[in-house]
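In short: position in the sequence shown from 1, add 32, done, that's this note's numbering.
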Amino acid sequence: MQGSVKPFPRFPAKISTAFYEGEGDMLLEVNGTKRHDFNNRFEADGMLFEEPVPNLFSFNNPFGACPTCEGFSQVLGIDDDLVIPDKRLSVYDGAVAPWKGEKMDWWRQNFIKGAKKFNFPVHKPIADLTDKQITQLWKGAEGVMGIDDFFKDVESQLYKVQYRVMLSRYRGRTECPDCEGYRLRKEALYVQVNKKHIGEVCEWPVKDLKKWFDELDQKLSEHDKAIAKRILSEIQHRLQTLLSVGLGYLTMNRLANSLSGGESQRIQLTRSLGSNLTSSLYILDEPSIGLHSRDTANLIKVLKELRDLGNTVVVVEHDEMMMREADHIIDMGPLASHLGGEVVAEGDYDEIVSNPASLTGKYLDHVLTIDPPKQVRKWTRSVTVEGARQHNLKNITVEFPLNVLCVVSGVSGSGKTTLVRQILYPALRKLKGEFGDKTGFHKAITGDVEEIAQIEMVDQNPIGKSSRSNPVTYIKAYDEIRDLYADQPLSKMRGFMPKHFSFNVDGGRCDTCKGEGEQVVEMQFLADVHLTCEACGGKKFKEEVLEVKYQDKNIYDVLEMSVDEALDFFRFEKSIVKAIQPLSDVGLGYVKLGQSSGTLSGGEAQRVKLASFLGKGKSAGKIMFIFDEPTTGLHFHDIQKLLTSFQALIEQGHSVLVIEHNTDVIRSADWVIDLGPEAGDGGRFIGVCR
Ligand SMILES: [Zn+2]
Ligand SMILES: [Zn+2]
33 MQGSVKPFPR FPAKISTAFY EGEGDMLLEV NGTKRHDFNN RFEADGMLFE
83 EPVPNLFSFN NPFGACPTCE GFSQVLGIDD DLVIPDKRLS VYDGAVAPWK
133 GEKMDWWRQN FIKGAKKFNF PVHKPIADLT DKQITQLWKG AEGVMGIDDF
183 FKDVESQLYK VQYRVMLSRY RGRTECPDCE GYRLRKEALY VQVNKKHIGE
233 VCEWPVKDLK KWFDELDQKL SEHDKAIAKR ILSEIQHRLQ TLLSVGLGYL
283 TMNRLANSLS GGESQRIQLT RSLGSNLTSS LYILDEPSIG LHSRDTANLI
333 KVLKELRDLG NTVVVVEHDE MMMREADHII DMGPLASHLG GEVVAEGDYD
383 EIVSNPASLT GKYLDHVLTI DPPKQVRKWT RSVTVEGARQ HNLKNITVEF
433 PLNVLCVVSG VSGSGKTTLV RQILYPALRK LKGEFGDKTG FHKAITGDVE
483 EIAQIEMVDQ NPIGKSSRSN PVTYIKAYDE IRDLYADQPL SKMRGFMPKH
533 FSFNVDGGRC DTCKGEGEQV VEMQFLADVH LTCEACGGKK FKEEVLEVKY
583 QDKNIYDVLE MSVDEALDFF RFEKSIVKAI QPLSDVGLGY VKLGQSSGTL
633 SGGEAQRVKL ASFLGKGKSA GKIMFIFDEP TTGLHFHDIQ KLLTSFQALI
683 EQGHSVLVIE HNTDVIRSAD WVIDLGPEAG DGGRFIGVCR
């Protein structure tokens, strides 16, 4: 009510009466001429809306999740990779697989005929079409039927067997048609801020999002600004922290499992940094994992800000730059595992470097360095990924040489992981007839694919879930040890066979703990509690089995030996030495033979896998090994050993492809593929060198 109209007394009360009597509706007639309709519901254009509450915007909550895909963003539908398997072909040449054959060719011809109406280039390879043209091909345009119409037609005739067979051939996980992959029910997407809904906003990288929020601040009225003040400053603070740790290129909707190890580490870091507490103790375990040296510098800046706010920051780390910048270093050692456990040196960077006891100091001071091999290998054969266009990759073509040590480098977010893990690896596996994850967008894989018999991604996942799995069983060396124990005179007398020395089958193992050596008590909501088995005292075997000895040691004693101790102990048993030698070669000489796999770090698990391949020798056929940041968690000393085992694999005829930014590894490479230049904007192929 403005201007000349005088407010009625008790006007608000009358309105609520009107709403009550009208069951939510109220009409207002002004001077018998103008009529206004009001209601007290969230309603417009005849649609009823949900009152916005936080849960409405969460796809993890049943209230907000899209009911069709239950918030997963994908449903079982037509898989475009199966429909257009070869993106080098044009529509004219038969790129659309189901439009082949005498009967279905009508669809192809029909589309080609109609395509003139909207200037669709029917002779252009699919990989070179614009996004708009790809949509036209699928959805059709100007009355011309597209691939979607084709499948609608197929679905309407499913009573025919051949149509059912055809449909099943093209089914796979696809974007949800109702939420278009935004994961939220449509009511949530009706709610907009500055003309954008939450799904659209989440598609932008952090740095664009920050800009958008900065601009939003200018646009808000004083009233709205006051309401949003608290929330906006929280958002701004968090976005700023993500930028500072070098994650400005990430979009909010990137799936956690598509992030590299370093990226997810730093997101966790952002969470604790976001709280901005003072007088707190922050403990960070190798935060520089997966970071290019430039990003590490940014990270160090953030850590120093935390310190300057009055906090204490403790970092477990062996990154050289991090050590240089530290105020105080505690150097543990002297070597790993049972050869470690002591404080070797303490002090600032200069004190560590000048301390003769510190192995770390010697590396930092470059007294000990990792020398690259003198000879760079030449290569003749290769495989090529053509036209890669997934995530950050900007339609690049990259040639990967075979039978050499090839390193893919670049700042984090430059697309290394996408190129290798989401395109090259799954695409090669598909070519070898294996099934795996969906392959990222690319035109084709060409080159000497037949030169590779097998593709192995040697990751940092645990080597086995049960606490019975351990390095020596994983590399199959335990069989030799069991044979040796079954051969001892006491075993013969008691009728023990190799299986009595197994903790995987009944017979010789402790009946109470089934050879685990411990019992696990499950605690609801808390970490499980591990208790030493009372029956065997953690020795895993029955007393009569433990009485069998070789050189005065029983089977339990052997499992307690480190790899290097065992090499010495079994020096007269050639087959055992041969079987466990690879573990020492990959730098795991300090690991106990029977060490439960659960206690191995990711890097250690990765090297156990590597050792198992080294043990197989040339018999395994030519393998392409892919390693994603294998130096993660490794000390200089161990990087040297890892590099040596890479060289051994290549000597056996295999190819080694490593995603890495550790400079020692890059210097040792025969061939380097550098992606960049900038994270996120990168995805350009910078070049090869060496
Ligand atoms: Zn959906
Ligand atoms: Zn037991």
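Beta carbons: idealized from backbone N, C-alpha and C, even for Gly.
query                                                                                                                                                           : result
Do the CB positions of I671 and V436 come within less than 9 Å of each other?                                                                                   : no
So, for F70: in the same chain, excluding its five sequence neighbours on each side, which residues have a beta-carbon less than 6 Å away from its beta-carbon? : M58
At a cut-off of 8 Å, would you count C234 as near ligand 1, judging by its Cβ distance to the nearest heavy atom?                                               : no
Can you give the beta carbon distance from M364 to V375, rounded, assuming they're within the 8 Å contact cut?                                                  : 6 Å
When you get a sec, list the residues whose CB is within less than 5 Å of any heavy atom of ligand 1, chain order please.                                       : C98, T100, C101, C208, D210 and C211
Would you kindly report the start and end of the unbroken alpha helix (DSSP H) that includes E357?                                                              : E352 to E357
Whole angstroms is fine: what's the gap from D515's alpha carbon to T328's?                                                                                     : 50 Å
Only counting the same chain, and skipping five residues up and downstream in sequence, which positions put a Cβ closer than 6 Å to that of A567?               : C542 and T544
Could you check which residue in L169, V408, L563 and E134 has the C-alpha nearest to that of F150?                                                             : L169
Please report the distance separating the alpha-carbon of K524 from that of A518.                                                                               : 7 Å
How is W703 classed by DSSP in three states: helix, strand or coil?                                                                                             : strand
Is G626 near ligand 2, in the sense that its beta carbon is under 8 Å from a heavy atom of that ligand?                                                         : no
Sort out for me which residues DSSP pairs A377 with in a bridge.                                                                                                : D363
If you count every other CB in all the chains shown that lies within 10 Å of the CB of F659, and 16 or more means buried, which is it?                          : buried
Can you find at least 3 beta carbon pairs, one from the region 383-391 and one from the region 439-454, that sit closer than 8 Å?                               : no
Please determine whether the Cβ atom of E592 lies at a distance below 8 Å from any heavy atom of ligand 2.                                                      : no
Ligand 2 and E548: does any heavy atom of the ligand fall closer than 8 Å to the residue's C-beta?                                                              : yes
Counting Cβ pairs, one atom from each stretch, are 3 or more of them under 8 Å apart for the region 521-541 and the region 613-624?                             : no
Would you mind giving the Cβ-Cβ distance between K238 and L279, rounded to the nearest angstrom? I have them listed as a contact below 8 Å.                     : According to the sequence shown, residue 238 is Val rather than Lys. The Cβ separation is near 6 Å, so the contact holds.
Check each residue's C-beta against every heavy atom of ligand 2 and list, in chain order, those closer than 5 Å.                                               : C542, T544, C545, C565, A567 and C568
What does a CB cutoff of less than 8 Å around L108 pick up in its chain, not counting 5 residues either side in sequence?                                       : R203, G204, R205 and T206
With respect to the alpha helix (DSSP H) encompassing Y622, which residues constitute its N-terminal and C-terminal limits?                                     : That residue, Y622, is in no alpha helix (DSSP H); it is neither H nor E in DSSP.
Express the C-alpha separation of T412 and G714 in angstroms, rounding to a whole number.                                                                       : Because G714 carries a pLDDT of 43, less than 50, the predicted location of this residue cannot be relied on, and no value is offered for it.
Under 9 Å between the Cβ atoms of L248 and G231?                                                                                                                : no
For G465, which of A129, G445, D511 and Q486 has the nearest alpha-carbon?                                                                                      : Q486
To the nearest angstrom, report how far apart D256 and H423 are at their CA atoms.                                                                              : 36 Å
Among the residues of its own chain, which have a CB less than 6 Å from the CB of P433, if the five just before and after it don't count?                       : W411, S414 and W703
Around the Cβ of G13, are there at least 16 other Cβ atoms within 10 angstroms (buried) or fewer (exposed)?                                                     : Nothing can be reported for residue 13: it is not among the residues displayed for the chain, which extend from 33 to 722.
In three-state DSSP terms, what is K66?                                                                                                                         : strand
Which residue from I402, E352 and P405 puts its Cα closest to that of D382?                                                                                     : E352
Between the region 504-515 and the region 448-460, can you find at least three pairs of beta-carbon atoms closer than 8 Å?                                      : no
Using CA coordinates, which residue listed in K531, S633 and F245 is at the minimum distance from S265?                                                         : F245
Ignore the nearest five residues each way along the sequence and tell me which others in R500's own chain have a CB closer than 7 Å to its CB.                  : F535, N536, G547 and E548
Here's a check: name, in chain order, each residue in its chain whose Cβ is nearer than 8 Å to the Cβ of S673, leaving out the five neighbours to either side.  : Reading off the sequence shown, one finds Lys at residue 673, where the question assumed Ser. Closer than 8 Å at Cβ, skipping near neighbours: D617, V618 and G619.
Which residue's Cα is closest to the Cα of S474: F528, T416, D480 and D511?                                                                                     : At residue 474 the sequence reads His, which differs from the Ser that was named. With distances taken between Cα atoms, H474 lies closest to T416.
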